[in-house]
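So for the sequence shown, my numbering puts the first residue at 19; every next one is plus one. Think of the CB as a built atom: it goes at the ideal place given N, C-alpha and C, for glycine as much as any other residue. Keep in mind that this is a model prediction, so the values were computed, not measured. Inspection log for the structure reproduced underneath, given as structure tokens.
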Amino acid sequence: MFDAAGLRVMRAIAEEGSFTAAATSLGYTQPAVSQMVRRLEQRAGTALVERIGRSVRLTEAGRLLARRAAEILDRIDETEAEVVAIAGLKAGRVRLMAFPSSSATLVPRALARLRTSHPAVTVQFSEAEPPESLAAVRAGAVDLAVAFAYEGTDAGRGEDDLTGLVVMDVLDDPVMLVLPQHHELADQDEVDLADLSAERWIAGCPRCRGHLLTLADGAGFSPDVTFETEDYVAVLGLVAAGLGVALVPQLILSTVSHPDVVVRPVSPPSRRTVQVVTTPDLQRVPAVAATLEALCHSARELGGSPCAHVTPTP
């Protein structure tokens, strides 16, 4: 029934006492103010203004509308200021979800950079592996997900539909073999996966274990997975104790180490791609775009190439 322009006219009339003075204060013409009042009265179904000579007096409905107009317009002005602040990166919140190993490497660098460049932007952070994080983006529970995909699979790995999402590759992450320090193959520059068919294995997250099973199947054996843990400090401890061998992404090994293990490339080589996932609309939100830029910059510091966009098949 009412629009902001009409409300501003009613507030001005109440404050100025005449159409002419109201028009002057708003920068309108007097006929324009009269026309807007007539339109408001038609929509309200009652008189809002009583004309008395050159002055006017508000009716009961007019006084109510003018009083409420002041309250509503104040809220509109506050809202406009808040939106402008968000658009200008003077405010804003980003909900970010990332897989655990990136939380110790890529994400802290990015958040530190974002805080320096845009201190008014707040990041709400949580951890989850894909596909849970991808489902959270699609459901609107988070704005950005830092996920990963092993070579030969997409980030969803068939468990989540990526249709309509924006997927950005930020970092290639080689998968390395971790052996006990005194293992008989520890002196080799590169270890053939087939030579590890009789070993006991330590597996990580469900997706990581699936990757191990796929690689081992390609090498002609089924791995004996004796231990399963998503704690990579525990993985290195188990390997150091001689309880098995493991495949560990280089991103993790850049922050976690153990003096009693050796790290070697594996043949055939394998890698995973670290990716940031969002929606096309959220990508245009300034705070989200700034967080994307910070993640890309931090990935480059870790050896990544310029971020590449991947357009999922519709």
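With distances taken from CA atoms, which of D207, L197, T232, D249 is nearest R218?
It is L197 whose Cα lies nearest to the Cα of R218.
Let me make sure I understand the geometry here. Which of G236, G110, V27 has the alpha-carbon closest to that of P49?
V27
Check whether the Cβ atoms of M186 and V279 sit closer than 8 angstroms, and answer yes or no.
no
Whole angstroms is fine: what's the gap from A22's alpha carbon to F37's?
17 angstroms
Quick check on T232: does DSSP put it in helix, strand or coil?
Secondary structure of T232 (DSSP, three-state): helix.
Taking 8 angstroms as the threshold (C-beta atoms), are A128 and S316 in contact?
yes
How should P267 be labelled, buried or exposed, when 16 other C-beta atoms within 10 angstroms of its C-beta is the threshold for buried?
With a 10 Å radius around the Cβ and a threshold of 16 neighbouring Cβ atoms, P267 comes out buried.
Which whole-angstrom value describes the C-beta separation of A138 and A109, a residue pair presumed to lie in contact below a C-beta threshold of 8 angstroms?
5 angstroms
Apart from the five residues on each side of it in sequence, which residues of its chain come closer than 6 angstroms, Cβ to Cβ, to A122?
T273
Distance between beta carbons of Q142 and R111, contact taken as under 8 angstroms
The distance from the Cβ of R111 to that of Q142 is about 6 angstroms, consistent with a contact at the 8 angstroms cut-off.
Can you give me the start and stop residues for the alpha helix (DSSP H) that L129 sits inside?
124-135
Using a threshold of 8 angstroms, state whether the C-beta atoms of E40 and T47 are closer than that.
The displayed chain sequence assigns Ala, not Glu, to residue 40. Taking 8 angstroms as the Cβ cut-off, A40 and T47 do not qualify as a contacting pair.
V292 vs S120 beta-carbon contact at 8 angstroms
yes
Which class does A79 belong to by DSSP, given the choice of helix, strand or coil?
Of the three classes helix, strand and coil, the one that applies to A79 here is helix, per DSSP.
On the CB-based measure, 16 or more other CB atoms within 10 Å of its CB, does H200 come out buried or exposed?
exposed
Please classify P49: does DSSP put it in a helix, a strand, or coil?
helix
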